[in-house]
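Notes to accompany the following structure.
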Amino acid sequence: MSAESGSSPADESGGGPPLGRPDGTGLIASAGRSLPVLSNAVEVAAPSRTRQTELGVVDPRKPSWLSISAAEQERWVTEVAGQPKFRRKQIEKWIFQQRATSFADMTDLPLALRERLAAEFSIFTGQVVRHQISKDGTEKLLLEFPPMGRHGAGRIECVLIREKLRRTICVSSQVGCGMGCVFCASGLDGVDRSLQVNEILEQMLRITGVLPAEERLSHIVMMGMGEPLANLANVLPALEVASSDFGLGISPRRITISTVGLTKSIDRLLEVGKRYQLAISLHAPTNSLRNQIVPTNEKIGVEGIMEAAARFKRETGRRLTFEYVLLGGINDTLEAAEDLADLLAGQDALVNIIPYNPVAGLPYATPSNHAIARFRKVLEDRGVVVKCRQRKGDDIDAACGQLRRMVAKSSVEIANGS
Ligand code: SAH
Numbered sequence: 505m506s507a508e509s510g511s512s513p514a515d516e517s518g519g520g521p522p523l524g525r526p527d528g529t530g531l532i533a534s535a536g537r538s539l540p541v542l543s544n545a546v547e548v549a550a551p552s553r554t555r556q557t558e559l560g561v562v563d564p565r566k567p568s569w570l571s572i573s574a575a576e577q578e579r580w581v582t583e584v585a586g587q588p589k590f591r592r593k594q595i596e597k598w599i600f601q602q603r604a605t606s607f608a609d610m611t612d613l614p615l616a617l618r619e620r621l622a623a624e625f626s627i628f629t630g631q632v633v634r635h636q637i638s639k640d641g642t643e644k645l646l647l648e649f650p651p652m653g654r655h656g657a658g659r660i661e662c663v664l665i666r667e668k669l670r671r672t673i674c675v676s677s678q679v680g681c682g683m684g685c686v687f688c689a690s691g692l693d694g695v696d697r698s699l700q701v702n703e704i705l706e707q708m709l710r711i712t713g714v715l716p717a718e719e720r721l722s723h724i725v726m727m728g729m730g731e732p733l734a735n736l737a738n739v740l741p742a743l744e745v746a747s748s749d750f751g752l753g754i755s756p757r758r759i760t761i762s763t764v765g766l767t768k769s770i771d772r773l774l775e776v777g778k779r780y781q782l783a784i785s786l787h788a789p790t791n792s793l794r795n796q797i798v799p800t801n802e803k804i805g806v807e808g809i810m811e812a813a814a815r816f817k818r819e820t821g822r823r824l825t826f827e828y829v830l831l832g833g834i835n836d837t838l839e840a841a842e843d844l845a846d847l848l849a850g851q852d853a854l855v856n857i858i859p860y861n862p863v864a865g866l867p868y869a870t871p872s873n874h875a876i877a878r879f880r881k882v883l884e885d886r887g888v889v890v891k892c893r894q895r896k897g898d899d900i901d902a903a904c905g906q907l908r909r910m911v912a913k914s915s916v917e918i919a920n921g922s
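The numbering of the sequence shown is our numbering, which starts it at 505 and goes up by one.
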């Protein structure tokens with residue numbers, strides 16, 4: 505992923521969260537602790553790996569309350585705990601709006617119910633391994649989730665991007681990525697597993713937890729590690745909660761799903777009917793070029809993607825958004841720009857140009873400003889709307905997948921405060 509701003513096609517919606525001072529000072533809470541926010545890029549010591557069972561915060565042996573559906577939660581509340589069903593909404597409100605990280609915090613629930621919940625469920629199952637804060641206000645968490653089945657512990661990244669009134673979270677959908685885009689750090693070791701609903705929601709809650717009390721998340725971009733359309737089974741229920749009034753209350757207009765272009769899943773998204781924004785990572789206008797950069801293109805093809813995009817536009821009436829990572833000397837040429845303009849002219853499309861964010865060990869180059877401007881002009885002259893993303897969090901390896909690799913490479917141990 506690239507933790508870069510100006511990325512959401514929901515941008516036009518404007519507005520924002522009720523906010524206080526976005527000046528990066530004050531105290532933030534991380535994983536249940538208050539930590540000082542420093543103005544320069546820093547790494548905040550992760551909390552102790554010791555399980556915080558006394559707080560009821562992390563106990564991977566218990567399933568997360570967030571891993572069961574609303575219907576299952578309601579059944580548990582009424583049939584197992586013998587409580588009225590409105591208790592479920594109370595619990596939801598505590599977790600998503602009042603930032604409760606333990607059932608013990610939920611003071612308006614009967615004590616017996618709190619104890620029963622704590623005995624059977626956890627809320628978070630992950631650990632914060634690293635917490636980095638950039639001097640531009642971008643924050644990044646490296647989370648580790650416990651082993652699952654044949655899979656070992658899984659590390660993923662999520663990022664908070666601060667921009668004026670906007671507070672955007674960049675969310676991961678998988679541990680690693682199976683798409684193999686040649687310039688991307690997330691897919692270098694392939695995909696290990698898909699993240700579960702509660703693991704996707706935990707990223708949102710943990711990032712909410714680093715915001716001051718008077719701020720909340722305003723936008724979600726599924727642009728972290730992984731291919732969200734390869735994990736719709738977990739991504740959709742998580743976004744359902746994120747967009748519900750009792751969850752984070754973020755309008756689907758402000759939620760963007762970014763995809764390499766899995767056309768069947770784009771159609772599936774349309775069937776579901778929830779109108780999230782879609783961004784398609786195109787990166788090349790022709791099959792010969794795209795096959796070199798995005799291996800999955802061999803199965804789908806640029807035509808297949810454009811047809812799926814047209815169906816999406818027809819059904820939703822939304823402007824098409826394409827992401828285009830500019831790789832110096834590869835897809836930033838005049839010819840590529842003209843081919844892209846041919847492909848998109850007259851389509852009411854927005855192209856998000858993302859200058860390549862260097863990944864250690866990969867041979868690609870960020871294009872020169874001249875090449876970026878030339879590429880942009882060719883498109884604009886043909887009526888294609890272009891946005892060039894501002895880089896965010898450069899000093900904290902914010903291009904997703906990078907931090908995870910850096911930490912693994914230097915074999916830095918999980919901070920162990922115990
Ligand atoms: N699998 C989804 C989400 C991936 S990350 C997708 O392909 O869209 C979101 C965006 O970041 C994608 O457009 C991806 O191509 C881009 N990206 C990945 N690595 C990058 C890098 N090193 N520099 C710039 N952008 C990158």
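We put the CB at the ideal spot given by N, CA and C, even for glycine.
Please identify the residue among the options whose C-alpha is closest to the C-alpha of residue i.
i, options, result
"Gly808", "Arg758, Ile784 and Asn738", "Ile784"
"Pro588", "Pro614, Thr605 and Glu706", "Pro614"
"Gly821", "Lys896, Leu847, Leu782 and Ile804", "Leu782"
"Asp843", "Gly897, Glu719, Met610 and His787", "His787"
"Asn856", "Val695, Arg565 and Val888", "Val888"
"Met683", "Lys778, Glu703, Lys817 and Lys803", "Lys803"
"Ile759", "Thr837, Thr629 and Ala746", "Ala746"
"Val701", "Gly630, Arg757 and Tyr860", "Gly630"
"Lys593", "Gly751, Ala623 and Ala814", "Gly751"
"Glu718", "Gln602, Arg815 and Arg880", "Gln602"
"Lys668", "Arg880, Gly691 and Thr642", "Thr642"
"Leu699", "Arg815, Pro651 and Pro716", "Pro651"
"Tyr868", "Cys685, Asp749 and Thr611", "Cys685"
"His655", "Ile665, Arg697 and Arg666", "Arg697"
"Phe649", "Gln707, Asn861 and Met610", "Gln707"
"Gly832", "Ala814, Gly805 and His874", "His874"
"Ser872", "Trp598, Asn835, Val863 and Asp899", "Asn835"
"Tyr828", "Arg815, Arg579, Leu709 and Val798", "Val798"
"Lys566", "Glu624, Phe600, Arg618 and Ile595", "Glu624"
Please state the DSSP three-state secondary structure of residue i.
i, result
"Asp527", "Any reading at Asp527 is ruled out, since the residue's pLDDT is 31, under 50, leaving its predicted position unreliable."
"Met729", "coil"
"Pro741", "helix"
"Leu715", "coil"
"Arg654", "coil"
"Pro859", "strand"
"Gln602", "coil"
"Ala853", "strand"
"Lys896", "coil"
"Phe826", "strand"
"Gln781", "strand"
"Lys566", "coil"
"Lys593", "helix"
"Ile759", "strand"
"Ser534", "Below a pLDDT of 50, predicted positions are generally treated as unreliable, and Ser534, at 35, falls in that range; the measurement from the model is reported next regardless. In the structure shown, Ser534 sits in a strand (DSSP, three-state: E or B)."
"His874", "helix"
"Val686", "coil"
"Val888", "coil"
"Val798", "coil"
"Ser571", "helix"
"Arg720", "coil"
"Asp771", "helix"
"Ser748", "coil"
"Asp846", "helix"
"Val695", "strand"
"Gly560", "At Gly560 the pLDDT is 40, less than 50, meaning the model places this residue with poor confidence; the figure from the coordinates comes in the next sentence. Gly560: coil per DSSP, three-state reduction."
"Met610", "coil"
"Val584", "helix"
Output yes or no for whether 8 angstroms exceeds the beta carbon distance between residue i and residue j.
i, j, result
"Leu705", "Ala657", "no"
"Cys681", "Glu731", "yes"
"Pro830", "Ile858", "Looking at the sequence itself, residue 830 is Leu, so the reference to Pro does not match. Cβ distance < 8 angstroms, so Leu830 and Ile858 count as in contact."
"Ser568", "Ile627", "yes"
"Ile637", "Ile673", "no"
"Leu733", "Thr763", "yes"
"Arg671", "Leu721", "yes"
"Ala810", "Leu847", "Residue identity differs from the one stated: residue 810 is Met in this sequence, not Ala. Yes, the pair counts as a contact, with Cβ atoms nearer than the cut-off."
"Leu793", "Ala840", "yes"
"Met729", "Val739", "no"
"Lys896", "Ile665", "yes"
"Ala608", "Ala585", "no"
"Lys644", "Glu661", "yes"
"Ala812", "Thr870", "no"
"Ile599", "Leu709", "yes"
Using 7 angstroms as the cut-off, classify the Cβ of residue i as near or not near the heavy atoms of the ligand FAD, replying yes or no.
i, result
"Ile857", "Among the ligands in the structure shown, the ligand FAD does not appear; only the ligand SAH can be found there."
Are at least three pairs of beta-carbons, each pair with one atom in the region 675-691 and one in the region 848-856, less than 8 angstroms apart? no
In chain order, what are the residue ranges of uninterrupted alpha helix (DSSP H) at least 4 long that sit wholly in the region 616-679? none
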